[in-house]
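Residue numbers (our numbering): 43 to 128.
Notes to accompany the following structure.
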């Protein structure tokens, strides 16, 4: 989760720098970028409404529990393989 958050922050910072640059150099580019951003968010909202999809946030404890279950299964498989005579 930390690498995803840091990646998001980098992309957001670069986007803000781009918007600042466009505002200072070419206002029509700035407004065009805003329109494209707004349009893409609107399309995403409509798509999620039609398809009944939503963002799913999982608790970190659920992920940890899954990792523990996987580790337990791996440990069992290792014991099973070690018990066989070669």
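All residues carry an ideal CB built from backbone N, CA and C; glycine is no exception.
Give me the Cα-Cα distance between residue i and residue j, rounded to the nearest whole angstrom.
i: residue 80; j: residue 67; result: 21 Å
i: residue 59; j: residue 120; result: 52 Å
i: residue 89; j: residue 95; result: 8 Å
i: residue 50; j: residue 56; result: 10 Å
i: residue 87; j: residue 118; result: 45 Å
i: residue 65; j: residue 78; result: 15 Å
i: residue 52; j: residue 92; result: 31 Å
i: residue 19; j: residue 122; result: The structure shown does not extend to residue 19, since the chain is modelled only from 43 through 128, so no value can be given for it.
i: residue 63; j: residue 114; result: 53 Å
Could you have a look at residue i and say whether DSSP puts it in helix, strand or coil?
i: residue 62; result: helix
i: residue 121; result: helix
i: residue 95; result: coil
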